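In what follows, a single structure is set out as structure tokens and then discussed.
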Amino acid sequence: MARFDYDLIVIGSGDAGTEAAFLANEAGLKVAVVESSKWGGSTLNYSDIPMGALNYVSKLLHRAKNAAKLGLSSTALRYNYPTVNNWKNFAMKRAGADDKKIYTDEKIDCIEGEARFISSREIAVGDDTYKAKQFLIATGAKIADVGIKIADNVNFLMPEDVPYILRPPKSVFVVGAGATGCELAQYFAEMGTAVTLADLAVRILPQEDEEVGQVLEEIYTKESIKVLTQSRVVALEKQDNAVKVIFIRGGQEKSVKVDEVALCTGYTPNVQDLGLNNTKVKFSHEGIRVNNEMQTNVKNIFACGDVIGGHSNNTKAKIEARIAAMHIISGRSRETVDYKGLIRTTKVFPEIATVGLNEDDCIKADRKFKKVIKPLYCNAAITENFRSGFIKMIADKHGLFLGATIMAPNATLVAQELSMALRYNMSIGEIYQVPHPENEWTLLIKNCCEDLLK
-10 MARFDYDLIV
0 IGSGDAGTEA
10 AFLANEAGLK
20 VAVVESSKWG
30 GSTLNYSDIP
40 MGALNYVSKL
50 LHRAKNAAKL
60 GLSSTALRYN
70 YPTVNNWKNF
80 AMKRAGADDK
90 KIYTDEKIDC
100 IEGEARFISS
110 REIAVGDDTY
120 KAKQFLIATG
130 AKIADVGIKI
140 ADNVNFLMPE
150 DVPYILRPPK
160 SVFVVGAGAT
170 GCELAQYFAE
180 MGTAVTLADL
190 AVRILPQEDE
200 EVGQVLEEIY
210 TKESIKVLTQ
220 SRVVALEKQD
230 NAVKVIFIRG
240 GQEKSVKVDE
250 VALCTGYTPN
260 VQDLGLNNTK
270 VKFSHEGIRV
280 NNEMQTNVKN
290 IFACGDVIGG
300 HSNNTKAKIE
310 ARIAAMHIIS
320 GRSRETVDYK
330 GLIRTTKVFP
340 EIATVGLNED
350 DCIKADRKFK
360 KVIKPLYCNA
370 AITENFRSGF
380 IKMIADKHGL
390 FLGATIMAPN
400 ATLVAQELSM
410 ALRYNMSIGE
420 IYQVPHPENE
430 WTLLIKNCCE
440 DLLK
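Position 288 (the sequence shown) corresponds to 277 in the numbering used here; numbering is contiguous.
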């Protein structure tokens, strides 16, 4: 009989890996986690926590600078970036960033290094090998290579580099106007950087409904962010102390010089160099293939999080991890993954939250639907000095709620009631009957429902 070092080895300590490791450990399994970089993965070390802390500061600064009409004088307002970084570092430490003690305190073994499968039951990490009854792959994703020719002497920023810069640059060219690119573009602009944002698509945030991109581009124009849609960046070259960005727009080659370039060209699952060919696990550049129990075609190997592809979302990753853990703990579990009600968020201002189907989804599925869109200014009782945004709701012909797109301050909180409505198959009429506070953005949900019921 084969001797195993562990019941479960988790490869990757991000949201998905950590969630599954702790659940399996609590169930009495002997667990180890392998990490090749910082403990806690992207959320704690590179994205949500550090960038959330930095965005908190940048948005306070931006709102204060634009509050003259409210009677606040902010002409002398400035920031001290070392202090800003200290706040970010405190937020990261408080959240447990790069701290393997949270695992070792629970008797979970921590293995540092790159994991590579030798077989479906064994991995190598450096010079050591480890056998396990079951494996969970949660290695996340990395920035996609879109074929930009980059000179050897050119330095550029990846999204994970931004929380660790010493100070914001004077000018930056952000390549890619998806969620990450739009978030970084606004952050830099709020901190006083001259920003250019470029994307090959016809609008920014192309994965969202058309109105989202239109409204956000209007806001960015007011914030002096230069938006270049239908633009393909082809090369980065060093020119003096600057970076020359060469791009094609309208069939013509153009260029601009900036201090920094941030590559936000989308993500691709981290499936290379894992030795998956030694296991017969099915995978492609789009990710590892799994069933609705997060199990691969090799029965003792599971995968979840960004490594399986799809939209990057830490809540989604944890949902998948819980399902995987249930089946790892007990092969008799009948639980399957259910994304219904999952909220997709873009952390710009105003925040963007999508739950369920959007209009583009319905059109692609050739599904009949009714829609209502209410601009924020329809709620005249709101006393906040902000009106750029909307709430858009979609229902089927029978009045069943299908989805919503919300572009408003604290959109994720506004979307929470609609997340529950979607998960429990509520009708537009049932949502309408829920009491909504009069002087809040959520009143627009009731207004949308009222129009959908006509």
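Virtual Cβ for every residue (Gly too), placed ideally from N, Cα, C. No experiment lies behind these values; they were computed from the predicted model shown.
As assigned by DSSP and simplified to three states, the class of residue i
i        : result
GLN123   : strand
LYS89    : coil
CYS351   : helix
LEU263   : coil
TYR70    : helix
MET315   : helix
PHE79    : helix
GLY202   : helix
ILE434   : helix
GLN196   : coil
MET(-10) : Low local confidence applies: a pLDDT of 45 at MET(-10) is under 50, so the model's placement there is unreliable, and no value is given.
TYR492   : Absent from the model: residue 492. The displayed extent of the chain is -10 to 443, so no value can be given.
MET40    : helix
ASP150   : helix
MET415   : coil
ARG52    : helix
THR118   : strand
CYS99    : strand
SER31    : helix
SER25    : coil
PHE358   : coil
GLY345   : strand
GLU179   : helix
ASP(-4)  : strand
TYR328   : coil
GLU242   : strand
GLU249   : strand
Burial state of residue i, where buried means 16 or more other Cβ atoms lie within 10 Å
i        : result
THR7     : buried
TRP76    : exposed
HIS274   : exposed
LEU411   : buried
ARG323   : exposed
THR32    : buried
GLN123   : buried
MET(-10) : Confidence in MET(-10) is poor, its pLDDT being 45 and thus under 50, which makes the residue's placement unreliable; the coordinate value appears in the next sentence. Classification for MET(-10): exposed.
ASN69    : exposed
ILE352   : exposed
HIS300   : exposed
ASP117   : exposed
VAL114   : buried
Proximity below 9 Å, CB of residue i to CB of residue j
i      : j      : result
ALA10  : ALA121 : no
ALA393 : THR343 : yes
LEU407 : ILE434 : yes
LEU189 : SER220 : yes
PHE358 : VAL232 : no
VAL498 : LYS305 : Residue 498 lies beyond the stretch modelled for the chain, which goes from -10 to 443, so this question has no answer here.
GLY255 : ARG105 : no
VAL337 : CYS438 : no
ASN347 : ILE290 : no
ALA127 : GLY1   : yes
ALA369 : ALA13  : no
VAL223 : ILE332 : no
GLY29  : ASP295 : no
ILE154 : ALA84  : no
MET465 : GLY330 : Because the chain here runs from -10 to 443, residue 465 falls outside it and cannot be looked at.
Assumed close pair residue i, residue j - CB separation to whole angstroms, cut-off 8 Å
i      : j      : result
VAL250 : PHE177 : The pair is not a contact, with the Cβ atoms about 12 Å apart (cut-off 8 Å).
LEU139 : LEU225 : The sequence shown places Ile at residue 139, rather than the Leu named in the question. About 5 Å separates the two Cβ atoms, so the contact holds.
LYS211 : THR182 : About 16 Å; that fails the 8 Å criterion.
ASP198 : ASP327 : Not confirmed; about 24 Å, so no contact.
GLU101 : LYS381 : Contact doesn't hold; Cβ gap of about 47 Å is too wide.
ILE362 : PHE379 : 5 Å
ILE417 : LEU432 : At roughly 16 Å, the Cβ-Cβ gap does not stay under 8 Å, so ILE417 and LEU432 are not in contact.
PRO258 : ILE297 : 7 Å
LYS19  : ASN142 : With 8 Å as the limit, LYS19 and ASN142 do not qualify as a contact, their Cβ atoms being about 49 Å apart.
CYS293 : ALA86  : Not quite, the Cβ-Cβ distance comes to about 21 Å (not below 8 Å), so this is no contact.
LYS148 : TYR35  : Note that residue 148 is Pro in the sequence shown, not Lys. Between TYR35 and PRO148 the Cβ distance is about 7 Å, and since that is below 8 Å, they are a contact.
Beta-carbon proximity list for residue i, same chain, < 8 Å, skipping 5 on both sides
i      : result
ILE214 : ALA174, GLN175, ALA178, VAL184, THR185, LEU186
HIS425 : THR431, LEU432, ILE434, LYS435
Same chain only: Cβ atoms within 7 Å of residue i, ignoring 5 sequence neighbours per side
i       : result
MET396  : VAL201, VAL204, PRO339, ILE341, GLY378, PHE379
THR64   : none
ILE312  : GLU282, MET283, GLU324, THR325, VAL326
ILE(-2) : ALA21, VAL23, ILE112, TYR119, ALA121, PHE124
Contact set for residue i: own chain, Cβ-Cβ below 6 Å, skip 5 residues either direction
i      : result
MET180 : SER47, PRO157
GLU103 : SER25
Cβ-heavy atom distance, residue i to the ligand NAD, below 8 Å
i      : result
GLU373 : As for the ligand NAD, it is missing from this structure, which has no ligand bound.
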